[in-house]
Each structure stands twice: as structure tokens, then as C-alpha cells.
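Student: Residue numbers (our numbering): 2 to 210.
Below: one structure in C-alpha cells.
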């Protein structure tokens, strides 16, 4: 009986954690709901704090979630060449991201709710990254070449897929935002890391196969 009660409390806590707060709802619906939301910047102390906070799951069936998704897309489209955006970048610490799918025909923009990376390849690529929230910052970072991703849509339907290449890099970058990880801080932490450069496609590896 005690175990059932504990599970019930955990379930209620999970449901409540998904509910948007009054301040979040006010921000999502401020002004014209068909327009872009402001993109937060690290140069503003309050906005920087929001960018560093952990994000929690969101209720996919809440009408405010659909409004947030729509306005985040407008925010991304308002940028000069942005390829992804996360909800913390518009002031909402919830697990919502938009990613440009360079791995699909037409390179569409797609949204993802409560995304989770369940597996990352050990093989990594080194490539340049910038950030819509960090002015005039660009550097190179190591990212897994392939990831396994799980997420839900606005109907609450669950999906799982493998993503690789540059699109996988975008996913990793945006999901980092959900954990309050900025590439400027990431660079500082990686300064003491060492990596062994290898040719993943050496001819000797394919001989006799």
C-alpha cells in the first residue's frame, strides 16, 4: 500500500511539473501570438540567468504549448541563418526545441517536445558552432557523429529515431540548452580535454571485408 501511495505522489508531482506557470503563460501569450518572441542574450544578466537554468518537461496537449512552438519558429525564422532554437532562448525553461533537418529532403524546420538523447556514438566530429544567444562567439566543438533521439509531438505521440551528421550536431547543441549548457562555458570546460584524432575510413580497415 505504501509503494502505491509513493507512486501516486510521484505521478502527481510529474503532472504538476509539466504544467506551465502563470508567468510562463503570460510570456508565451504576450503581444501578438502570431509573432516572434524575443531571443534572450547572455549580455543581459537576467536573460543570462534564464539561459543557465535547467528546463523541465512540458505538457504537449496544453494549448499554450502549441502557441510556444509556433512563436519559437517565428523567432528562429527572424534570425539571419539560425538553424535551431531552444525554449530557454525565448525565456521559457521548458523542453522544446526547433531544428533544421539537413538530413531530410527540403531541409525542413521541425519541432521536438521533451527530447532525450538516449545514445551517442563514441566517434565524434570537430566542427564550428555559434549561438543565437551569444553575440560574436564562434568556436569549434566535438560532437557525437550519430545519436539516438526520443521525443513527443503536440498530440503526445512518442517517436524514436537515429540522427547523424550536421543535423545531429544541431540536436546536441539545442538539447544542451535544456540543461543550461552554453557553448561559451562548454569551451572553458573542454580546454583540458584531450582527443585522439583518427581516420574513421582508413583503407586498411576495409581490406578483406
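Cβ atoms here follow ideal geometry from the backbone N, Cα and C, with glycine treated the same way.
A quick note: this is a predicted structure, and the numbers were derived from the prediction, not measured.
When you compare the CB positions of residue 126 and residue 152, do they come within less than 8 Å of one another, or not?
Tutor: no
Student: What do you reckon, are the CB atoms on residue 179 and residue 71 nearer than 8 Å?
Tutor: no
Student: Go through its chain and collect everything with a Cβ distance to residue 29's Cβ below 6 Å, but skip five positions before and after it.
Tutor: 65, 68, 69
Student: Can you find at least 3 beta carbon pairs, one from the stretch 84–99 and one from the stretch 171–186, that sit closer than 8 Å?
Tutor: yes
Student: Between the beta-carbon of residue 169 and the beta-carbon of residue 187, is there less than 8 Å?
Tutor: Not in contact: residue 169 and residue 187 (Cβ atoms no closer than 8 Å).
Student: Going by beta carbon distance, what residues of the same chain come within less than 8 Å of residue 75, once the five residues before and after it are set aside?
Tutor: 35, 36, 37, 38
Student: Going by DSSP in three states, residue 114 sits in which element: helix, strand or coil?
Tutor: Residue 114: strand per DSSP, three-state reduction.
Student: Using the Cβ count rule (16 or more neighbours within 10 Å means buried), how would you classify residue 175?
Tutor: buried
Student: Measure the alpha-carbon distance for residue 59 versus residue 22 and round it to whole angstroms.
Tutor: 11 Å
Student: Is DSSP giving residue 186 helix, strand or coil here?
Tutor: helix
Student: Quick one: grab the DSSP three-state call for residue 59.
Tutor: coil
Student: What residues match up with residue 129 in a beta bridge as DSSP calls it?
Tutor: Among the bridge pairs identified by DSSP, residue 129 is matched with 141.
Student: Taking the CB atoms as reference points, tell me whether residue 184 and residue 164 lie closer together than 8 Å.
Tutor: no
Student: Whole angstroms is fine: what's the gap from residue 50's alpha carbon to residue 132's?
Tutor: Straight-line Cα distance between these residues: approximately 16 Å.
Student: Taking 6 Å as the limit between beta carbons, can you name the residues of its chain near residue 122, skipping five residues before and five after?
Tutor: Excluding positions up to five away in sequence, the list reads 145, 146, 147.
Student: Taking the straight line between their C-alpha atoms, what separation do you get for residue 80 and residue 86?
Tutor: Taking the CA atoms as reference points, residue 80 sits about 10 Å from residue 86.
Student: Considering only C-alpha positions, which residue in the set 134, 156, 172, 140 is nearest to residue 150?
Tutor: 172
Student: Mind checking who residue 72 pairs with in its DSSP beta bridge?
Tutor: Looking at the DSSP assignment, residue 72 forms no beta bridge with any residue, so it has no partner.
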